[in-house]
Amino acid sequence: MKPASFSYHKPGSVSAALALLAQFGEEGKIIAGGQSLVPSMNFRLARPETLIDINHIAEIQGVSDQGDHLEIGAVTRHATFHHPVSPCPLGRMLTKVVANIAHYPIRQRGTFGGSLSHADPASEWCLVAVTMGAEMEIHGPAGARRVPAAQFFRGTFTTAVGRDELLARIRLPKLPEGWGTGFYEFSRRKGDFALAMALAALKVEGGTIRAARLGLGAVGAHPQRLEALEAELTGQPATPQTFAAIGARAQTMVTPSGDIHGSAEYRRELAATVIARALTRAAEDAA
Amino acid sequence: MTENAPNLIGQSVARIEDPELLTGKGTFAADFNRAGQIHMRVLRSPVAFGRLGGIDTAEARALPGVIAVWTAEDIADLPQIDFRMTKVQGLGPYRQWCLARDYVRYVGDPIAVVFAETAFLAEDACDLIFPEIGELDPQLDPLDDPSPYMPETMPGVLSEPAVLRKGSGDVEAVFAHAAEVVELELSVGRHSGIPLETRGALGVYDRDSDTITMYGAAKVPHYNRGAIADMLRLPVERVHLSEGHVGGGFGPRGELYPEDVLVCYACRRLGRPVKWIEDRREHFLSTNHSRDQHYRLKAAIDERGVIQALDAEFFTDQGAYVRTHGATVSDLAAALLPGPYLIPAYRVAGHIRLTNKTPCGTYRAPGRYESSFARERLIDAIAARKGLDPFEIRARNLIPEDRIPFDRGIDALGTHVVYDSGKYHDLLARLRAALDWDALSARVAARRAEGERIGLGIGYFVEKSGLGPDDKVRLHFYPDGLICIVTGVANIGQGVETAMAQICGGTLGLPMAGISILHGQTRLIDEGRGAFATRVTVMTGSAVKLASEALLDQALDLAAGRFGLPREELRYRAGRIWHEGGASVTLCELAAEYGGEDGLVAEGIFRSDHMTYPYGIHFAQVKLDPGTGGVQIERYMVAFDVGRAINPMLVEGQITGAVAQGIGGALYEEFVYDAAGQPLVTSFADYLMPTAMEIPPIETLIREDAPSPLNPLGVKGAGEGGITAAGAAIASAVEDAIGRPGVVDRLPLTPERVAGWLRG
Numbered sequence: 001m002k003p004a005s006f007s008y009h010k011p012g013s014v015s016a017a018l019a020l021l022a023q024f025g026e027e028g029k030i031i032a033g034g035q036s037l038v039p040s041m042n043f044r045l046a047r048p049e050t051l052i053d054i055n056h057i058a059e060i061q062g063v064s065d066q067g068d069h070l071e072i073g074a075v076t077r078h079a080t081f082h083h084p085v086s087p088c089p090l091g092r093m094l095t096k097v098v099a100n101i102a103h104y105p106i107r108q109r110g111t112f113g114g115s116l117s118h119a120d121p122a123s124e125w126c127l128v129a130v131t132m133g134a135e136m137e138i139h140g141p142a143g144a145r146r147v148p149a150a151q152f153f154r155g156t157f158t159t160a161v162g163r164d165e166l167l168a169r170i171r172l173p174k175l176p177e178g179w180g181t182g183f184y185e186f187s188r189r190k191g192d193f194a195l196a197m198a199l200a201a202l203k204v205e206g207g208t209i210r211a212a213r214l215g216l217g218a219v220g221a222h223p224q225r226l227e228a229l230e231a232e233l234t235g236q237p238a239t240p241q242t243f244a245a246i247g248a249r250a251q252t253m254v255t256p257s258g259d260i261h262g263s264a265e266y267r268r269e270l271a272a273t274v275i276a277r278a279l280t281r282a283a284e285d286a287a
Numbered sequence: 001m002t003e004n005a006p007n008l009i010g011q012s013v014a015r016i017e018d019p020e021l022l023t024g025k026g027t028f029a030a031d032f033n034r035a036g037q038i039h040m041r042v043l044r045s046p047v048a049f050g051r052l053g054g055i056d057t058a059e060a061r062a063l064p065g066v067i068a069v070w071t072a073e074d075i076a077d078l079p080q081i082d083f084r085m086t087k088v089q090g091l092g093p094y095r096q097w098c099l100a101r102d103y104v105r106y107v108g109d110p111i112a113v114v115f116a117e118t119a120f121l122a123e124d125a126c127d128l129i130f131p132e133i134g135e136l137d138p139q140l141d142p143l144d145d146p147s148p149y150m151p152e153t154m155p156g157v158l159s160e161p162a163v164l165r166k167g168s169g170d171v172e173a174v175f176a177h178a179a180e181v182v183e184l185e186l187s188v189g190r191h192s193g194i195p196l197e198t199r200g201a202l203g204v205y206d207r208d209s210d211t212i213t214m215y216g217a218a219k220v221p222h223y224n225r226g227a228i229a230d231m232l233r234l235p236v237e238r239v240h241l242s243e244g245h246v247g248g249g250f251g252p253r254g255e256l257y258p259e260d261v262l263v264c265y266a267c268r269r270l271g272r273p274v275k276w277i278e279d280r281r282e283h284f285l286s287t288n289h290s291r292d293q294h295y296r297l298k299a300a301i302d303e304r305g306v307i308q309a310l311d312a313e314f315f316t317d318q319g320a321y322v323r324t325h326g327a328t329v330s331d332l333a334a335a336l337l338p339g340p341y342l343i344p345a346y347r348v349a350g351h352i353r354l355t356n357k358t359p360c361g362t363y364r365a366p367g368r369y370e371s372s373f374a375r376e377r378l379i380d381a382i383a384a385r386k387g388l389d390p391f392e393i394r395a396r397n398l399i400p401e402d403r404i405p406f407d408r409g410i411d412a413l414g415t416h417v418v419y420d421s422g423k424y425h426d427l428l429a430r431l432r433a434a435l436d437w438d439a440l441s442a443r444v445a446a447r448r449a450e451g452e453r454i455g456l457g458i459g460y461f462v463e464k465s466g467l468g469p470d471d472k473v474r475l476h477f478y479p480d481g482l483i484c485i486v487t488g489v490a491n492i493g494q495g496v497e498t499a500m501a502q503i504c505g506g507t508l509g510l511p512m513a514g515i516s517i518l519h520g521q522t523r524l525i526d527e528g529r530g531a532f533a534t535r536v537t538v539m540t541g542s543a544v545k546l547a548s549e550a551l552l553d554q555a556l557d558l559a560a561g562r563f564g565l566p567r568e569e570l571r572y573r574a575g576r577i578w579h580e581g582g583a584s585v586t587l588c589e590l591a592a593e594y595g596g597e598d599g600l601v602a603e604g605i606f607r608s609d610h611m612t613y614p615y616g617i618h619f620a621q622v623k624l625d626p627g628t629g630g631v632q633i634e635r636y637m638v639a640f641d642v643g644r645a646i647n648p649m650l651v652e653g654q655i656t657g658a659v660a661q662g663i664g665g666a667l668y669e670e671f672v673y674d675a676a677g678q679p680l681v682t683s684f685a686d687y688l689m690p691t692a693m694e695i696p697p698i699e700t701l702i703r704e705d706a707p708s709p710l711n712p713l714g715v716k717g718a719g720e721g722g723i724t725a726a727g728a729a730i731a732s733a734v735e736d737a738i739g740r741p742g743v744v745d746r747l748p749l750t751p752e753r754v755a756g757w758l759r760g
């Protein structure tokens with residue numbers, strides 16, 4: 001578990017990082033928090049010849065409130081969200097979610113952009129990005145481009161970021177005041193990869209759901225937003241019966257794969273549970 | 001002769017080991033370094049079973065910085081690794097070589113070894129070794145018929161090295177007239193003790209004295225010293241093992257593995273210090289796995305639910321080879337399966353089966369964690385059949401106090417199984433009272449009525465401890481009052497130094513501050529049995545007591561001579577011997593006057609042919625999540641009679657740590673293989689040891705109601721009882737919560753399995 005040899009570069013700007021990517025081509029690999037990359041290098045599953053370390057690029061650090069959205073620099077650490085980065089429902093929701101990401105030391109080092117770029121199916125931030133309709137700012141040789149989350153995730157560990165590109169910032173649209181949010185994740189132990197997880201946001205008036213956002217993660221190649229179920233929820237009473245029914249519907253819409261921690265069939269059942277529980281929490285939060 | 005001094009024995013004093021460890025001054029295997037050292041790396045088989053052909057090492061040898069690359073041919077003079085303790089015959093052919101010959105038998109089987117200037121280079125070189133392996137269909141299920149072990153080179157040798165048979169009473173006759181028969185089939189998954197410190201060693205060769213020293217030893221340094229010397233064909237004085245701090249033992253750590261031998265062999269042959277530190281992936285592939293047993297139980301019961309006969313068969317998946325433990329796990333499972341129950345007729349056949357998986361050895365409560373799970377599931381099944389509560393069914397079957405000492409009429413580890421002391425019914429009643437069982441049951445019923453899935457379960461166990469045959473310590477008393485105890489025992493984190501210092505200080509009426517314990521150094525004492533099988537406090541502790549008494553004896557003789565007074569008129573208290581007439585002398589003065597450079601020296605040798613048998617009960621209260629199958633342990637208690645607790649805090653620590661491991665095996669930990677024999681669990685991302693988040697507060701009920709008559713302290717070992725019935729109690733509680741008797745038939749209780757049982 002010692003990595004194969006590699007060269008190391010520490011650019012100070014996005015443009016310098018892009019120049020290094022251009023220089024090293026296929027052999028160059030971006031490293032941010034390294035919480036996934038370093039273990040796979042130690043197992044020699046990944047053998048990059050060149051590491052381009054973006055941890056020191058000031059322009060892609062931190063969170064800024066842009067009025068209708070939050071702009072999150074790619075190397076913002078998970079731990080940044082331990083306390084709400086904004087008093088709005090979105091800021092509070094990110095704080096609920098972050099507690100489920102791995103363990104405290106990992107959250108000090110792992111980054112928001114690294115998590116999205118790595119695109120693990122069980123990544124909480126990927127679920128947030130998809131469900132909340134995030135927009136990714138990707139820089140490359142031809143300049144910057146913006147890609148909506150719906151088109152960003154292409155499959156397990158696969159995104160729209162090209163080999164010569166770098167994810168620089170993420171824009172997360174805020175939720176209006178009055179929305180409630182709920183997150184529920186099931187894992188074997190606290191901090192393990194999720195076997196299933198769901199994120200819900202609800203606007204509830206007089207016990208009736210007026211608008212909904214719903215996403216499901218860890219039960220497919222990448223997280224998915226369940227827009228059909230969002231439409232079904234709208235106009236329904238915010239009751240356990242509604243949430244259970246939506247959960248039952250959700251499990252028909254996923255095609256999980258099994259592993260040693262749970263078969264595909266079991267994960268499908270978990271999908272119903274996590275959807276119903278995330279919705280329940282969102283409704284409680286809205287109340 | 002002696003008067004009572006404040007007795008350290010029985011006090012929860014702080015561990016004397018801790019200051020060094022807590023201030024970062026510990027010296028673990030990886031902390032040993034020598035100038036000029038080189039690094040060893042093992043190339044391991046990527047396939048589960050295959051015929052080993054040529055191995056192309058040319059590219060690896062050519063890599064700058066590589067010193068040597070060896071395959072089996074290069075170490076043809078090294079024999080197979082022998083057994084440390086087994087009396088079972090016929091296991092010899094199944095011993096592992098240091099590097100695979102002819103066949104590879106598991107993913108992780110060492111094929112070649114590289115020595116290089118850095119650990120990184122050594123790993124690079126392993127990538128450049130190309131073995132030819134003709135893959136064969138692996139045997140993965142121990143229940144399948146035995147298959148050829150190494151078909152071409154060892155024709156006729158099958159993958160069932162032995163079947164252990166034990167029994168007493170006429171089982172056939174009882175079954176012929178049985179009122180009822182209860183049958184169960186149960187299994188315990190493959191998991192193991194996982195020390196946070198991986199294995200490691202530094203071998204240093206001294207050319208002038210032709211002596212090898214291996215740093216990083218653990219558990220059984222003296223035995224391993226002898227075994228390595230034998231394998232290297234050296235006189236035993238030419239090999240020394242030195243123990244530093246050890247980051248967890250639990251059974252696997254400290255056994256003799258191929259890498260230990262290779263490090264010692266290589267440092268002499270290459271003439272440079274050789275360092276090897278196991279990485280975590282290697283650890284999961286190569287260090288002993290354990291458990292992995294399948295039971296078929298058949299009990300004849302009478303109309304009251306009392307077992308009249310038990311007919312048992314089990315299969316141990318021992319993995320690819322028979323390692324140092326020989327038949328220990330199966331032997332102990334077979335011997336202690338009947339546990340605390342009378343069971344007048346008993347018969348067992350324990351099949352040791354080899355498969356193409358990592359070899360297995362012992363893990364804390366080997367054979368008892370598994371057999372207690374199986375037995376207690378059986379007891380629960382009988383209770384369900386008879387409509388009895390878990391306390392009543394056990395009370396009806398327990399061995400009554402007037403039958404103890406109880407001779408089971410069978411052997412374990414070559415000793416006769418005689419339960420030395422015990423008040424089994426009394427402990428059961430005490431646990432019931434401590435739990436306020438009736439009120440607890442009522443609360444659970446109320447919560448169930450509200451829709452919660454709550455369950456209660458208990459598991460009763462009998463442990464064994466204090467394996468002989470003997471233990472020796474040497475005690476030095478110096479003129480400045482310092483005491484040094486030299487022992488061949490090992491400290492694997494259990495608090496040996498503290499307990500031994502307490503026994504010495506308690507016996508002599510002296511404070512612990514001046515007492516130090518030197519252990520695990522073959523240079524300092526010529527023999528020692530080590531730390532395993534929960535033997536240290538019983539065996540070494542008794543030897544320390546005898547040595548302390550021998551010192552006192554010697555001092556009294558010296559004082560009598562010095563005073564010219566009869567010895568029996570002398571009195572002793574807290575380091576001073578005096579006579580009513582006014583004569584007085586301290587041990588320090590005697591040491592200055594009569595002791596040489598080594599001070600006053602006394603030896604203590606304790607011998608025992610019988611093990612002692614501590615016993616206890618685990619209790620678990622669980623809550624199930626029907627939406628996920630998740631199990632939450634709401635409450636956990638262990639009632640445990642240890643005969644005598646030298647240090648109750650250490651006993652509690654042993655129980656708590658062991659329960660955590662028991663919960664791991666019950667709910668989380670499992671080595672899983674795919675259909676080709678590839679291990680699917682090779683990192684901590686998939687091997688799920690419970691963390692502080694998963695472990696509830698552990699309540700303990702430590703009792704000293706049945707001291708052992710077999711040693712001068714009355715102690716029984718406390719190292720393993722905290723794990724023994726954990727799987728049993730949790731399974732029982734989970735089944736109670738599910739509400740369908742008989743469904744919980746295997747460990748671990750993964751959420752998917754629990755969800756399946758809940759669904760019905």
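In order, the protein sequence lines correspond to chains A and B.
Here the first sequence is numbered in UniProt numbering, starting from 1 and rising by one per residue.
Here the second sequence is numbered in UniProt numbering, starting from 1 and rising by one per residue.
Beta carbons: idealized from backbone N, C-alpha and C, even for Gly.
*Helix, strand or coil: which one does DSSP assign to Phe183/A?*
Your numbering for residue 183/A matches position 183 in the first sequence. The answer is strand: DSSP assigns Phe183/A an E or B state.
*asked:* For Arg304/B and Leu428/B, what's the separation of their Cα atoms in angstroms?
replied: One-based indexing of the second sequence puts residue 304/B at position 304. One-based indexing of the second sequence puts residue 428/B at position 428. Each residue's alpha carbon lies about 19 Å from the other.
*Shorter than 8 Å from the beta carbon of Thr358/B to some beta carbon of chain A?*
Here residue 358/B corresponds to residue number 358 of the second sequence, with the count starting at 1. For Thr358/B, the answer is no, since every Cβ of chain A falls outside 8 Å of its Cβ.
*To which residues of the same chain is Glu752/B closer than 7 Å at the C-beta, ignoring the five residues directly before and after it?*
Numbered from its first residue, the second sequence carries residue 752/B at position 752. Answer for Glu752/B: Gly629, listed in chain order.
*What did DSSP end up calling Leu482/B once you bin it into helix, strand or coil?*
By 1-based counting over the second sequence, the position of residue 482/B is 482. Of the three classes helix, strand and coil, the one that applies to Leu482/B here is coil, per DSSP.
_Own chain partners of Glu3/B with C-beta closer than 6 Å, once the 5 adjacent residues on each side are dropped_ = Mapped onto the second sequence, residue 3/B falls at position 3. In this predicted model, Glu3/B has a pLDDT of only 46, less than 50, meaning its place in the structure is not dependable enough to derive any value.
_Whole-angstrom C-beta distance between Gly719/B and Gln502/B, which should lie under 8 Å_ = Locating residue 502/B in the second sequence gives position 502, counting from the first residue. Locating residue 719/B in the second sequence gives position 719, counting from the first residue. With 8 Å as the limit, Gln502/B and Gly719/B do not qualify as a contact, their Cβ atoms being about 16 Å apart.
_Output needed in chain order: residues of the region 112-127 of chain B with a Cβ under 7 Å from some Cβ in chain A._
Ala119, Phe120, Glu123, Asp124
_Tell me which residues of the region 655-672 of chain B have at least one Cβ-Cβ distance to chain A shorter than 7 Å, keeping chain order._
Tyr668, Val672
*Return the chain-ordered ranges of every beta strand (DSSP E) run that is complete within the region 539-622 of chain B and spans a minimum of 3 residues.*
571-573, 576-578, 584-586, 600-607
_Using only CA atoms, which one of Tyr321/B, Val734/B, Ile655/B, Arg535/B lies nearest to Tyr106/B?_
The count along the second sequence starts at 1 and reaches residue 106/B at position 106. Checked all of Tyr321/B, Val734/B, Ile655/B, Arg535/B; the closest Cα to Tyr106/B is Tyr321/B.
*Check the Cβ of Glu752/B against every Cβ in chain A and list those closer than 7 Å, keeping chain order.*
Position 752 of the second sequence, counting from 1, holds the residue named residue 752/B. Here the neighbours are Gly262, Ser263, Tyr266.
*Where do the ends of the alpha helix (DSSP H) carrying Ala383/B lie?*
As a position in the second sequence, residue 383/B is number 383, starting the count at 1. 368-386 is the extent of the alpha helix (DSSP H) around Ala383/B.
*Compute the Euclidean distance between the alpha carbons of Gly162/A and Gln23/A, then round it to the nearest angstrom.*
Locating residue 162/A in the first sequence gives position 162, where the first residue counts as 1. Locating residue 23/A in the first sequence gives position 23, where the first residue counts as 1. For Gly162/A and Gln23/A, the distance between alpha carbons rounds to 15 Å.
*Residues bridged to Leu164/B (per DSSP)*: On the second sequence, position 164 is the one that residue 164/B refers to. DSSP, once it has assigned bridges, lists Gly350/B as partnering Leu164/B.
_Looking at chain A, is there any beta carbon in it that lies within less than 8 Å of the beta carbon of Glu20/B?_
What you label residue 20/B is simply residue 20 of the second sequence in a count that begins at 1. Taking Cβ atoms only, chain A never reaches closer than 8 Å to Glu20/B, which makes this a no.
*Excluding the five sequence neighbours on either side, which residues of its own chain have a C-beta within less than 7 Å of the C-beta of Gln151/A, listed in chain order?*
Residue mapping note: residue 151/A aligns to position 151 of the first sequence, counting from 1. Same-chain partners within the cutoff: Ala160.
*Give me the Cβ distance between Arg15/B and Thr498/B, rounded to the nearest whole Å; I'm assuming they're in contact under 8 Å.*
Locating residue 15/B in the second sequence gives position 15, counting from the first residue. Locating residue 498/B in the second sequence gives position 498, counting from the first residue. Contact flag correct, Cβ pair sits at about 5 Å.
*Within-8 Å CB hit, Gly630/B to chain A*: The residue given as residue 630/B occupies position 630 in the second sequence. Yes, Gly630/B lies at the interface with chain A (some Cβ there is under 8 Å from its Cβ).
*Comparing the CB of Val130/A with every heavy atom of the ligand HEM, is any distance shorter than 7 Å?*
Looking at this structure, you won't find the ligand HEM or any other ligand, since it has none at all.
*Report buried or exposed for Gln318/B, applying the criterion of at least 16 other Cβ atoms within 10 angstroms of its Cβ.*
Counted from its first residue, the second sequence places residue 318/B at position 318. By the neighbour-count rule (16 or more Cβ atoms within 10 Å), Gln318/B is buried.
_For Glu3/B, three-class secondary structure by DSSP_ = One-based indexing of the second sequence puts residue 3/B at position 3. Residue confidence for Glu3/B is low, a pLDDT of 46 falling below 50, so the modelled location carries little weight; the figure read from the coordinates is stated next. In this structure, Glu3/B counts as coil in the three-state DSSP scheme.
*Using a beta-carbon distance cut-off of less than 9 Å, what residues from the region 274-287 of chain B approach chain A?*
Asp279, Arg280, Arg281, Glu282
_Could you tell me which whole beta strand (DSSP E) segments of length 3 or greater appear in the region 96-130 of chain B?_
110-116
*asked:* Just to make sure I have the definition right: I need the residues of chain A whose C-beta is within less than 7 Å of the C-beta of Met40/B. Which are they?
replied: Position 40 of the second sequence, counting from 1, holds the residue named residue 40/B. Here the premise fails: no neighbours, minimum Cβ distance about 13 Å.
*So with Cβ pairs under 8 Å, would you call Glu269/A a contact of chain B?*
Here residue 269/A refers to the residue found at position 269 when the first sequence is read from its first residue. For Glu269/A, the answer is yes, since a Cβ of chain B falls inside 8 Å of its Cβ.
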